[in-house]
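*Asks:* Below: one structure in structure tokens.
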Amino acid sequence: MARVSLDLLQQFVQVARLGNLSRAAEQANLTVSALSHQVRQLEQRLERKLFERGPRGVQLTAEGRRLMESVSHHFEGIDRAMVGFRCRRDDVLTLSAIPGVMSSWLVPRLARLVAAHPELQLNLQSSVELVNFERDPVDAAVRYGRGPWPGLITERLFGEWIAPVAAPSLVERMGDLDPNDLSQWPLLGDPGDRWRDWFAEGDAELPRRYVAHFDNTDALQRGAMEGMGVALGRMVMARPLIEAGLLTVLGDRYQQIPEAYFLVYPEHAKDHAGLRTFREWLLCEAGKYSEAMSYATGNADP
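Mind the numbering: the sequence shown is residues 1 to 302 in full-length UniProt numbering, read in order.
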């Protein structure tokens, strides 16, 4: 068997980790065609089929899993060793955030940061996957959860509030029904089953059925906007739509949930000048938002 280059193995590991040729090609600064050629070249040299191609990406074959188990930890070790040697420009900041907070909360505010610090270049990555700071070229991330995350500096930004939201068209259709009594309203099930805690806090019984149940928040919110039913809206994502008149809050009760939003970054990134600038700006924006939401909901953010 011909000697296999480390470059081919590295591309194999990246595709295996992501399960998607397009995303792996983007991270490697290659075209999808070039990366596919490298994968085929590795398969030919090893005389093994390593991936099964499908409409939603690629999956490792049994031989591919065996190879991944053999080589991946070596590349992880190299990545860990190189963390302290990576050359990062102080005027370039790479930030990862979940799609909801990126599009609904962060991006609408970034014009103020850019205006105040035109020297700072932002590389924004929107993903639901947790960043591996030892492997990925990312300086910091905005995460949603209960925190803290071991091995990372974790700074709380603000909490999350939920409240029933519905399209104005649905409110009009339901007529004079009491918005504080949802027992007669069509409800949309949410990914985290938040309705259970909502009704328990209000000493009310759970509904016997939902009009529809969604497994992701974006689709749930869209269903509410289209007038399908009432959703428990997370205010970080729902408030811009409420302010735009596309959704309305039903009743006068808000509930703060245990999850919150955090800025996280590794210890070695704390001296990054761009991150220091961004962190100072972000904490200021988060404080303003917390104050506004405390006023709107009548609840202080702890």
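Positions of the beta carbon are idealized from the N, C-alpha and C atoms, including for glycine.
I'd like to check one pair, Ser103 with Ser127: are the Cβ atoms closer than 8 Å?
*Replies:* For Ser127 and Ser103, no; Cβs fall outside 8 Å.
*Asks:* Might you give, ordered along the chain, the residues of its own chain that have their beta carbon closer than 6 Å to the beta carbon of Pro186, omitting 5 neighbours on each side?
*Replies:* Taken in chain order, the residues that qualify are Val211, Gly229.
*Asks:* Alpha carbon to alpha carbon, what distance is there between Gln184 and Leu177?
*Replies:* Rounded to whole angstroms, Leu177 to Gln184 spans 8 Å at the Cα level.
*Asks:* With DSSP as the reference, label Phe51 as helix, strand or coil.
*Replies:* Of the three classes helix, strand and coil, the one that applies to Phe51 here is strand, per DSSP.
*Asks:* Give me the Cα-Cα distance between Gly298 and Arg143, rounded to the nearest whole angstrom.
*Replies:* So the alpha carbons of these two residues sit roughly 25 Å apart.
*Asks:* Taking just the CA atoms, how far does Ser294 sit from Glu76?
*Replies:* Approximately 43 Å, taken between the alpha carbons.
*Asks:* How would you call residue 316, buried or exposed, if buried means at least 16 neighbouring beta carbons within 10 angstroms?
*Replies:* In the structure as shown, the chain begins at 1 and stops at 302. Residue 316 is therefore absent and cannot be evaluated.
*Asks:* From the DSSP output, read off the bridge partner residues of Phe158.
*Replies:* Tyr261.
*Asks:* Compute the Euclidean distance between the alpha carbons of Leu110 and Ala260, then round it to the nearest angstrom.
*Replies:* In a straight line, the C-alpha of Leu110 is about 20 Å away from that of Ala260.
*Asks:* Taking 7 Å as the limit between beta carbons, can you name the residues of its chain near Glu63, skipping five residues before and five after?
*Replies:* Cβ within range, chain order: Arg48, Lys49, Leu50.
*Asks:* Applying the 10 Å Cβ sphere with the 16-neighbour rule, what's the burial state of Asp252?
*Replies:* Exposed, since its Cβ has fewer than 16 Cβ neighbours within 10 Å.
*Asks:* Measuring CA to CA, which of His117, Met237, Leu35 is closest to Pro164?
*Replies:* It is Met237 whose Cα lies nearest to the Cα of Pro164.
*Asks:* Exposed or buried, what is Asp193 when buried is set at 16 or more other beta-carbons lying within 10 Å of its beta-carbon?
*Replies:* That one is exposed.
*Asks:* DSSP on Ile242, reduced to helix/strand/coil?
*Replies:* Helix.
*Asks:* Just to confirm before moving on: does the CB-CB distance between Val138 and Gln121 stay below 8 Å?
*Replies:* No, Cβ-Cβ distance for Val138 and Gln121 is not below 8 Å.
*Asks:* Let's test the definition: count the other Cβ atoms within 10 Å of the Cβ of Leu6 and tell me whether it reaches 16, buried, or not, exposed.
*Replies:* Leu6 is exposed by the Cβ-count criterion.
*Asks:* Rounded to whole angstroms, how far is the Cβ of Leu275 from the Cβ of Ala140, which I believe are closer than 8 Å?
*Replies:* About 6 Å separates the two Cβ atoms, so the contact holds.
*Asks:* When you compare only the Cα positions, how much space is there between Ile153 and Ala219?
*Replies:* Distance between the alpha carbons of Ile153 and Ala219 is about 32 Å.
*Asks:* Could you check what DSSP says for Cys87 in three-state terms: helix, strand or coil?
*Replies:* Any reading at Cys87 needs caution, since the residue's pLDDT is 45, under 50, leaving its predicted position unreliable; the model's value is listed next. The answer is coil: DSSP assigns Cys87 none of H, G, I, E or B.
*Asks:* So Val15 and Val32 are supposed to be a Cβ contact under 8 Å. How far apart are they, rounded?
*Replies:* In fact, because the Cβ distance is near 11 Å, the residues do not count as touching under 8 Å.
*Asks:* In chain order, what residues of the same chain have a beta carbon less than 8 Å from the beta carbon of Asn20, not counting five sequence neighbours either side?
*Replies:* Excluding sequence neighbours, Asn20 sits near Gly57, Val58.
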